[in-house]
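Read through the structure below, which is laid out as structure tokens, and then see the notes.
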Amino acid sequence: MVKIQCGDIVEIQGDEMTRVIWDLIKEKLLFPYLDMKLHYFDLGIEYREKTKDQVTIDAAEAIKKYNVGVKCATITPDEDRVREFNLSKMWKSPNGTIRNILGGTVFREPIICKNVPRLVPGWTKPIVIGRHAFGDQYRATDFVIPGNGKLEISWTSSDDPSNQLKYTVFDFANGGGVALAMYNTDESIREFAHSSFQFALQKGWPLYMSTKNTILKKYDGRFKDIFAEIYQKEYKAKFEAKNIWYEHRLIDDMVAAAMKSEGGFVWACKNYDGDVQSDSVAQGFGSLGLMTSVLICPDGKTIESEAAHGTVTRHFRMHQQGKETSTNPIASIFAWTRGFMHRAKLDNNTDLDNFARKLEETCVETIESGFMTKDLAICIKGTNVERKDYLNTFEFLDKLQENLSKKLSC
Numbered sequence: 006m007v008k009i010q011c012g013d014i015v016e017i018q019g020d021e022m023t024r025v026i027w028d029l030i031k032e033k034l035l036f037p038y039l040d041m042k043l044h045y046f047d048l049g050i051e052y053r054e055k056t057k058d059q060v061t062i063d064a065a066e067a068i069k070k071y072n073v074g075v076k077c078a079t080i081t082p083d084e085d086r087v088r089e090f091n092l093s094k095m096w097k098s099p100n101g102t103i104r105n106i107l108g109g110t111v112f113r114e115p116i117i118c119k120n121v122p123r124l125v126p127g128w129t130k131p132i133v134i135g136r137h138a139f140g141d142q143y144r145a146t147d148f149v150i151p152g153n154g155k156l157e158i159s160w161t162s163s164d165d166p167s168n169q170l171k172y173t174v175f176d177f178a179n180g181g182g183v184a185l186a187m188y189n190t191d192e193s194i195r196e197f198a199h200s201s202f203q204f205a206l207q208k209g210w211p212l213y214m215s216t217k218n219t220i221l222k223k224y225d226g227r228f229k230d231i232f233a234e235i236y237q238k239e240y241k242a243k244f245e246a247k248n249i250w251y252e253h254r255l256i257d258d259m260v261a262a263a264m265k266s267e268g269g270f271v272w273a274c275k276n277y278d279g280d281v282q283s284d285s286v287a288q289g290f291g292s293l294g295l296m297t298s299v300l301i302c303p304d305g306k307t308i309e310s311e312a313a314h315g316t317v318t319r320h321f322r323m324h325q326q327g328k329e330t331s332t333n334p335i336a337s338i339f340a341w342t343r344g345f346m347h348r349a350k351l352d353n354n355t356d357l358d359n360f361a362r363k364l365e366e367t368c369v370e371t372i373e374s375g376f377m378t379k380d381l382a383i384c385i386k387g388t389n390v391e392r393k394d395y396l397n398t399f400e401f402l403d404k405l406q407e408n409l410s411k412k413l414s415c
């Protein structure tokens with residue numbers, strides 16, 4: 006069998022059970038059919054520690070060079086993880102580091118299977134979350150205030166040091182507390198706006214952008230004003246030609262409206278809001294394991310796709326003990342397929358695009374035919390799931406391999 010040629014892909018390895026699955030996906034579903042030019046970076050927590058996290062920066066720079074990255078789920082260490090792996094420091098989120106280097110917007114879309122019931126039954130159409138991938142809490146400086154005193158924040162012009170802004174934030178008079186300073190840039194907000202408008206046009210769906218500008222009048226107000234300016238100048242006519250629209254909504258109003266809607270729209274969220282709402286939407290459509298996640302950079306040419314869930318630590322502990330696991334690989338597979346689709350688009354590679362689409366179809370069709378992992382069986386049958394109702398991690402990947410082989414031979 007002649008393998009399909011696949012251009013440069015930056016492969017970013019991860020941690021724990023998703024690392025195990027990642028290798029199985031390559032072995033069973035990719036290597037037999039594709040001749041890939043992989044540029045490999047190990048973002049497992051041990052190697053991140055060994056390189057003092059330089060490997061994360063190197064991976065991001067490689068994505069900028071080769072335009073396509075696919076990423077396995079990784080550990081973001083907390084105090085327990087620092088002790089577990091004897092880390093020299095609490096390394097920052099690798100996702101946050103990569104997104105801050107690349108910029109852009111993370112678009113997360115549910116993978117819909119007809120037999121997986123929605124927790125929000127009214128959602129008959131997909132909802133795509135567009136998460137701003139720069140700044141805010143993810144680049145914030147936070148610290149503990151040790152005692153009484155004045156908390157101030159200031160800005161000094163790089164062109165004229167006498168040009169300054171200075172604000173008193175709070176006077177601590179009854180002991181210490183905590184503080185946080187965060188920021189964003191007009192440039193990044195504009196890139197976020199363009200990405201969101203372009204994606205909505207591509208989908209042919211209305212776009213909503215949510216903030217809490219009634220409280221953060223300057224900060225969130227800046228997002229609202231920049232989106233409105235760009236929409237009026239560059240996108241309003243294009244949206245109206247497609248009979249779609251753009252609206253700004255308060256975040257609490259938007260959450261309520263989304264729950265009552267039928268779906269079929271793009272929801273642009275600030276960084277933290279997008280982090281939260283993408284999980285809410287994924288669960289509302291049935292499962293956190295059925296969600297795509299693609300970072301689209303401002304140049305429109307560079308993307309990074311990833312699994313939009315964690316490293317499945319509990320299953321990994323069972324796997325280490327030799328116990329049976331039933332871990333859902335679908336989001337990790339779709340991380341690869343969305344990377345392949347973009348590589349195919351850049352290289353005008355129809356064969357690669359067809360392969361990626363057939364692999365996605367195989368995943369959905371296999372689940373819809375009744376073969377699935379335990380998490381999806383629970384979604385369908387509730388807590389009364391029996392062993393015969395699901396496949397274990399390895400059986401499910403074997404079934405996908407079998408069905409993909411049949412589909413490709415047709």
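Heads up: the sequence shown runs through residues 6 to 415, numbered per my numbering. Quick reminder that beta carbons are idealized off the backbone N, C-alpha and C, glycines included.
Contacts around residue i, its chain only, beta-carbon distance under 6 Å, and the 5 residues preceding and following it disregarded
i	result
F90	I50
I103	A65
Contact check, residue i vs residue j, beta carbons under 8 Å
i	j	result
R113	M264	no
F202	Y236	yes
S310	A261	no
T219	K229	no
T316	T23	yes
K328	T371	no
K33	Q406	yes
G135	S193	no
E267	T129	yes
Residues near residue i by beta carbon distance below 8 Å, same chain, minus five either side
i	result
Y210	For clarity, residue 210 is Trp in the given sequence; the question names Tyr instead. Contacts found: V133, I249, G269, F270 and V271.
M323	E329 and T330
P303	G108, G109, E196, H199 and S200
Q169	S159, W160, T161 and S162
I106	I62, A65, E66 and K69
First and last residue of the uninterrupted alpha helix (DSSP H) at residue i
i	result
Y52	I50 to K55
I194	D191 to K208
Y38	Where Y38 is concerned, there is no enclosing alpha helix (DSSP H), given that its DSSP letter is neither H nor E.
T342	I335 to D352
W128	Unbroken run through W128: none, as it is neither H nor E.
T420	Residue 420 is absent from the structure shown; the chain starts at 6 and stops at 415.
Range of the contiguous beta strand (DSSP E) that encloses residue i
i	result
T216	L212 to T216
V124	Checking the sequence shown, residue 124 turns out to be Leu, not Val. From DSSP, L124 is part of no beta strand (DSSP E); its letter is neither H nor E.
P115	T110 to P115
W160	G154 to T161
E407	Premise fails: E407 lies in the alpha helix (DSSP H), T398 to S414, not in any beta strand (DSSP E).
Y251	Y251 to L255
I383	No beta strand (DSSP E) contains I383, which is instead part of the alpha helix (DSSP H) from K379 to K386.
T367	Not the beta strand (DSSP E): T367 falls in the alpha helix (DSSP H), residues T355 to E373.
G291	It is not in any beta strand (DSSP E) - G291 carries neither H nor E in the DSSP assignment.
Residues near residue i by beta carbon distance below 7 Å, same chain, minus five either side
i	result
K1	Absent from the structure is residue 1, since the part of the chain shown begins at 6 and ends at 415.
I385	N120, V121 and P122
I383	V390
K155	T173 and D176
L48	I17, Q18, G19, V60, T61, A64, T79 and P99
Residue environment, residue i, which counts as buried when at least 16 other CB atoms sit within 10 Å
i	result
Y143	buried
M377	buried
N189	buried
N72	buried
L221	exposed
L124	exposed
K76	buried
V149	exposed
L185	exposed
D380	buried
Y213	buried
D225	buried
M346	buried
R392	exposed
D280	buried
N276	buried
Given 8 Å as the limit, is there contact between the segment 74-88 and the segment 109-123, that is, 3 or more CB pairs closer than that?
no
Between the segment 282-301 and the segment 52-64, do at least 3 Cβ pairs fall closer than 8 Å?
no
Touching or not, the segment 282-294 and the segment 327-346, by the rule of three or more beta carbon pairs under 8 Å?
yes
Check whether the segment 241-255 touches the segment 275-287, taking contact to mean three or more Cβ pairs, one atom from each stretch, closer than 8 Å.
no
Touching by the beta-carbon criterion (3+ pairs, under 8 Å), the segment 394-414 and the segment 29-42:
yes
Are there three or more Cβ pairs, one per stretch, closer than 8 Å when the segment 356-372 is compared with the segment 15-33?
no
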